[in-house]
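The next block holds one structure in the form of structure tokens; read it before the comments.
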Amino acid sequence: MVRHFTEAQLAILEREWGFRDQGASRPHKRRSITVAMNCSDVGPRVTSQDVGRYFSIRAARESGRPRATPLTSAQLELLETSFNLEPYPYVGCTIILTYQTGLQPQQVKRWFNNQRKKYRNNDLALWTSSRTEQDPAAAAKMWRAYKMNPSEYSKALWLGIIATNTGQFTGKVVSAARGEEWERRWGAGRDAHEDDEVDTDEG
């Protein structure tokens with residue numbers, strides 16, 4: 373959510389922007405808290421996170437970097453549901469989410485990293501299944517298979533025909549109804565993924 377500051381608060385933020393260390397995108401944490409308190413004294417409450425976001429957007433604007441596009445409610449629902457099931461997903465799960473959300477692989481990974489940081493910063497425990505380490509070579513092979521046929525490979529992972537951790541065929545027999553569910557929810561309008569840029573690391 374974009375924070376709207378009053379003119380008085382913007383004056384404080386812009387003054388702080390001018391005083392910042394050259395090359396720094398935002399003030400350090402203690403200074404952000406002080407700036408937030410100063411802004412709160414002249415208008416609605418401002419947090420240090422609000423200050424950090426303001427400086428990040430300001431730095432992106434100055435450098436010409438495009439601002440990130442907000443996630444849709446549908447994308448967030450998919451990501452949050454997956455995170456609640458497993459905050460450290462195997463590459464197969466990342467592939468499924470890449471296909472379902474229409475995001476780039478790095479966007480999905482970055483969202484999970486940020487979500488885990490939020491939990492740690494708030495001293496919240498992260499539940500995880502007793503997962504095994506992913507083989508980097510297997511992960512890279514899975515990304516290549518996804519690139520060749522995004523819709524069919526994602527479908528096979530989602531149905532459990534291909535294991536999300538190894539990329540191996542599981543021998544699982546899937547009902548026709550389950551396959552139809554995938555087609556109904558994700559089959560239409562997803563061919564554009566074939567042109568997406570994907571990475572081939574283990575994550």
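Numbering (the working numbering), first residue to last: 373 to 575. We put the beta carbon where it would ideally sit given N, CA and C, even for glycine.
Buried or exposed: residue i, going by 16 or more other Cβ atoms within 10 Å of its Cβ?
i	result
Met514	buried
Arg556	exposed
Leu457	exposed
Leu448	exposed
Ser445	exposed
Lys544	exposed
Trp484	It should be pointed out that residue 484 corresponds to Phe in this sequence rather than to Trp. Buried: at least 16 other Cβ atoms inside 10 Å.
Pro442	exposed
Pro508	exposed
Cutting at 7 Å between CB atoms, please list the residues of its own chain near residue i, excluding the five before and the five after it.
i	result
Gln381	Cys411, Val414, Gly415, Val418
Glu566	At Glu566 the pLDDT is 42, less than 50, meaning the model places this residue with poor confidence; the figure from the coordinates comes in the next sentence. Cβ neighbours of Glu566 beyond the five flanking positions: Pro522.
Quick check on residue i: does DSSP put it in helix, strand or coil?
i	result
Phe541	strand
Glu555	helix
Ile468	helix
Ile534	strand
Arg488	helix
Leu385	helix
Gly474	coil
Glu449	helix
Val546	coil
Phe427	helix
Phe391	helix
Asn410	helix
Val463	helix
Asn493	helix
Phe377	coil
Asp567	Here Asp567 scores only 42 on pLDDT, less than 50, and its place in the model should not be relied on; the value that follows carries that caveat. The answer is helix: DSSP assigns Asp567 an H, G or I state.
Arg516	helix
Pro399	coil
Gln479	helix
Leu529	helix
Within its chain, find whatever has a CB closer than 6 Å to the CB of residue i; leave out the 5 residues flanking it on each side and keep chain order.
i	result
Ser404	Ser420, Val423, Gly424
Tyr491	Leu498
Glu388	Val407
Tyr525	Ala517, Tyr518
Thr538	Ala510
Gln540	none
Assuming residue i and residue j form a contact by the criterion Cβ under 8 Å, report the distance between their Cβ atoms to the nearest whole angstrom.
i	j	result
Ala535	Gly464	7 Å
Tyr330	Gln506	Nothing about residue 330 can be read from this structure; the chain reaches only from 373 to 575.
Phe377	Leu385	7 Å
Thr466	Lys481	7 Å
So, at 8 Å on beta carbons, what are the nonlocal neighbours of residue i in its own chain, with the 5 sequence-adjacent residues on each side left out?
i	result
Val546	Leu531, Gly532, Ile533
Gly551	Lys527, Leu531
Thr542	Gly532, Ile533, Ile534, Ala535
- Please determine if the stretch 425–432 and the stretch 445–452 are in contact, where contact requires at least 3 C-beta pairs separated by less than 8 Å. no
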